[in-house]
Amino acid sequence: MSTTPITHSITRLQIAPTASRLQRARKIGVALGAGIPEGFADIGLLIALSQLRISIDAIAGTSIGAFIGALYASGIQPERIKDLLADRFQHEDLRGEVKGIWGKAILGQKDASDFLSDLFVDLTGWDPDFRDLKVPLFVVAADKTSQQPIIIRHGSVKNALKATMMSPAAARQGEGSLKGGLQLADGSVFSPLPGDILYAEECDYVFGIQAKVIQSEKKRDIPFVKRLEPQMLKILGWETNTDVSFSKAGCDVLVRPRIPQAMLKEEFSIEALAEKGMEITYDAMTEIEQTESDLEKSVMRREARIMNQGSSRTNGVIDEQFDDIVEYLKNFGEHIKDFTDAELMDIFPSFTRIFQVFWDRMITEYPDTEQLREVLQDRFPTMVEAINDSPFFKRCLDKPQGYAGDYQMMNYVYDDTVFEATSNLAKLFNYYIFDGPAANAVKNRAKIIHGVVQQRLSQLGSLSIASIASGPAREIPTTIHLLEGMPGRIQWTLLDQDADAMAYAKSNMPKEDQLTSNFISAGVLELVRKRVDLGPQDIIYSLGLFDYLNDKVATKVIAELYEKLNPGGVMLIGNFADHIVRPIMEAAMDWHLIYRTHEDCLRLAKAGAPDSQHYVMSEPAGVNLIIVISKPIQPFA
């Protein structure tokens, strides 16, 4: 088998997974995606990981992905799975069975669940219980009544496979593994790739595969039959999301093999589909190794820049490799101007790596932000124009609210608005930012609020919460949704000086009996000057304010907020640490923050709340530091 990377990488590398990080992983998970018969490409991922001696500690699967994952979890090696299935499907009647199975199933004429769950028992020789499997397995089905994903991890594996592959048109109930008369059906309706389950099971590195059917290698549009499926589901009463973006799936490495329709229409080959999955997995591993190398070079360049900040810039001789990259970027916009969004997704990772090499060199050559901005405008006008084609970048530069990072900027980040731009080059720059550590930190810090509120509400039964410089308050609707069915009441106070931000937050506040919301239009200086009274609070948090406050003001704000904290209450203060995207924020976006270290944050906590218990944590991206300040129930003696 050749391990040469295929021509166009369609690998999605998230949060810069590196070879060393993979080697350090304590628990590795694999998420196997849906799709019949293109999902047989999932076998290729398992084969490649086996050949690379990467252990698999947990598997989550939906539909055909659950079927393949169950075969592996029962103890059958990937190469053997391929051979067994290839042998079974060499007969024309079985190939025809699988080729038309979904189209018939959607109309209620045929049910894939019976055929494939029986095949599972036939190939393994028994119907194991989940407890008997060699590797932990999580099978995802969908509840037809509530239209919510159902994770099956107990009972008969065969019955679980029936549930996850059952046609939405079928009327019968799920069997065996679940009680309560749930009406179960194909889990891919809501969870085409269940990577998030594996993180919840404490996997610290997750591979995922989701095959994508295209018309041909030259014409990459989705075939009509595949585009029709969501409409058919809607007719059956399923409120599906037709805009599922696999780029947002919860995986460190997501491979997306393109399967030409002809491979499925003709006498499809299990071997050929597995080869597709295997090739792209090897391509992904090559990219990881290249990313590792690029990151090492990036660190070296950064250290060189710090060491040479006091000296004048050298002659500015650009080596031949860098000159090639410059030429590439200059012509890149013209080359990709007619690309579809799907084609852009294929080149996102390679563009990011190349652009990072370019950017590392630029900030080494021009460590002064103002000088770097002038060089960009003078030498790379196409790049500057592209930045202005992005609503995100343009708003940052225009500062309609008087500062960068306003509520709409945060909305762009939360919504991953990569494709809201008038040029393809601008979309690539959007991707570079939205997939970077700073944007991920913004989204991660909101998740911390979800967890703290859930924990405290379960302990106290009712909560008073205050958000300072609340912005769009995107964390509140999600938190309330996660608390559904949990007893207790919350009074949530939002304070912000931006009237537009407050109006947005009001319009998006959940209408739930559990929640009472208060809105205070004021700035932090009015808080410090005691012109605003928050009242006593159980939780106070401010995640995007302190990056703009000097130490003196920050200390005063912490002291004032700590005074409002109930005994036993907790305060969360966010502050950005230095990060790799900082130079582009300052030079290309005119977005300046006050960056602090772990020690800086501890000093603020001690100065503002000297009698508190406090420590500093960071969200998973390691970019946003969170100062956690707790008020003791009893004062220290």
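In our numbering, each residue's number is its place in the sequence shown (first place is 1) plus 3. Even for Gly, the Cβ is constructed at its ideal location relative to N, Cα and C. Keep in mind the model is a prediction, meaning the values are calculated, not measured.
When the options are compared against residue i, the one with the closest alpha-carbon
i: ILE200; options: ALA144, ASP614, LYS215; result: ALA144
i: PHE193; options: PHE549, GLN359, PRO152; result: PRO152
i: ILE542; options: ARG56, LEU497, LYS609; result: LEU497
i: ILE630; options: PRO623, ALA624, GLU602, ASP135; result: GLU602
i: PRO131; options: LYS161, ARG585, ASN578; result: LYS161
i: PRO623; options: TYR507, ALA557, ILE451, PRO475; result: ILE451
i: LEU134; options: GLY158, GLY198, GLY42; result: Position check: residue 134 holds Arg in this sequence, whereas Leu was assumed. Of GLY158, GLY198, GLY42, the residue nearest in Cα terms is GLY158.
i: ASP676; options: ALA28, MET489, ILE217; result: The displayed coordinates of the chain run from 4 to 640. Any statement about residue 676 would go beyond what the structure contains.
i: ASP409; options: GLY474, SER426, ILE350, ALA63; result: GLY474
i: ARG532; options: ARG91, PRO370, PRO570, VAL556; result: VAL556
i: SER467; options: ILE493, ILE576, LYS446; result: ILE493
i: PRO613; options: GLY571, ILE597, MET281, THR558; result: THR558
i: PHE579; options: ARG606, ALA590, LYS567, TYR551; result: TYR551
i: ILE385; options: LYS340, ALA407, GLU373, THR367; result: The residue asked about is misnamed: residue 385 is Thr in this sequence, not Ile. Among LYS340, ALA407, GLU373, THR367, the Cα nearest to that of THR385 belongs to LYS340.
i: GLY577; options: ALA608, TRP594, PRO570; result: ALA608
Segment limits, beta strand (DSSP E) that includes residue i
i: SER621; result: 616-621
i: ASP499; result: 492-499
i: ASP541; result: 540-545
i: ASN511; result: Premise fails: ASN511 is in no beta strand (DSSP E) and is neither H nor E.
i: ALA469; result: 465-471
i: LEU628; result: 627-633
i: ILE576; result: 568-579
Bridge partners - residue i, DSSP secondary structure assignment
i: GLY64; result: LEU35, VAL142
i: LEU187; result: ASP146
i: LEU152; result: This sequence places Pro at residue 152; Leu is not what is there. In the DSSP output, where bridge partners are listed per residue, PRO152 has ALA145.
i: TYR208; result: ILE31
i: ARG651; result: Residue 651 cannot be examined here, being either before or after the span of the chain that is shown, 4 to 640.
i: ASP132; result: SER159
i: ASN521; result: THR496
CA-to-CA distance, residue j to residue i, given in whole angstroms
i: LEU431; j: ALA389; result: 9 Å
i: ARG316; j: PHE354; result: Residue placement at ARG316 cannot be trusted, given a pLDDT of 37 that sits under 50; what the coordinates show is reported in the next sentence. Those two C-alpha atoms are separated by around 28 Å.
i: ARG364; j: VAL421; result: 25 Å
i: GLY111; j: PHE70; result: At GLY111, the pLDDT of 42 sits below 50, so the modelled position is not reliable; the number obtained from the coordinates is stated separately. Roughly 21 Å between the two C-alpha positions.
i: LEU518; j: HIS453; result: 14 Å
i: ALA442; j: VAL416; result: 6 Å
i: ASN311; j: PRO195; result: Any reading at ASN311 must be qualified, since the residue scores a pLDDT of 42, below 50, and its modelled position is unreliable; no value is offered.
i: LEU122; j: GLU205; result: 31 Å
i: GLN338; j: MET574; result: The question names Gln, but residue 338 is His in the sequence shown. So the two alpha carbons sit approximately 50 Å from each other.
i: VAL670; j: PHE141; result: Residue 670 cannot be examined here, being either before or after the span of the chain that is shown, 4 to 640.
i: SER545; j: LEU460; result: 19 Å
i: LYS634; j: TYR565; result: 8 Å
i: THR481; j: MET348; result: 27 Å
i: ALA214; j: LEU267; result: 12 Å
i: VAL258; j: MET169; result: 26 Å
i: ASP189; j: THR65; result: 8 Å
i: TYR331; j: PHE358; result: 10 Å
i: LYS165; j: HIS484; result: 30 Å
i: LEU375; j: LEU537; result: 44 Å
i: LYS85; j: TYR75; result: 11 Å
i: TRP495; j: HIS582; result: 32 Å
N- and C-terminal bounds of the alpha helix (DSSP H) containing residue i
i: GLY526; result: Where GLY526 is concerned, there is no enclosing alpha helix (DSSP H), given that its DSSP letter is neither H nor E.
i: PHE437; result: 427-437
i: MET169; result: Note, MET169: premise wrong, no alpha helix (DSSP H); not H, not E.
i: MET588; result: 585-590
i: LEU605; result: 601-611
i: ARG417; result: It should be pointed out that residue 417 corresponds to Tyr in this sequence rather than to Arg. That run of the alpha helix (DSSP H) goes 410-417.
i: ARG91; result: 81-91
i: HIS484; result: 478-485
i: ILE46; result: 45-54
i: ASP199; result: 198-203
7 Å Cβ cutoff, residue i in contact with chain D
i: PRO623; result: Looking at the structure shown, chain D is missing, and only one protein chain is on hand.
Entirely enclosed alpha helix (DSSP H) segments - the segment 325-395, minimum 4 residues: 344-368, 372-382, 384-391
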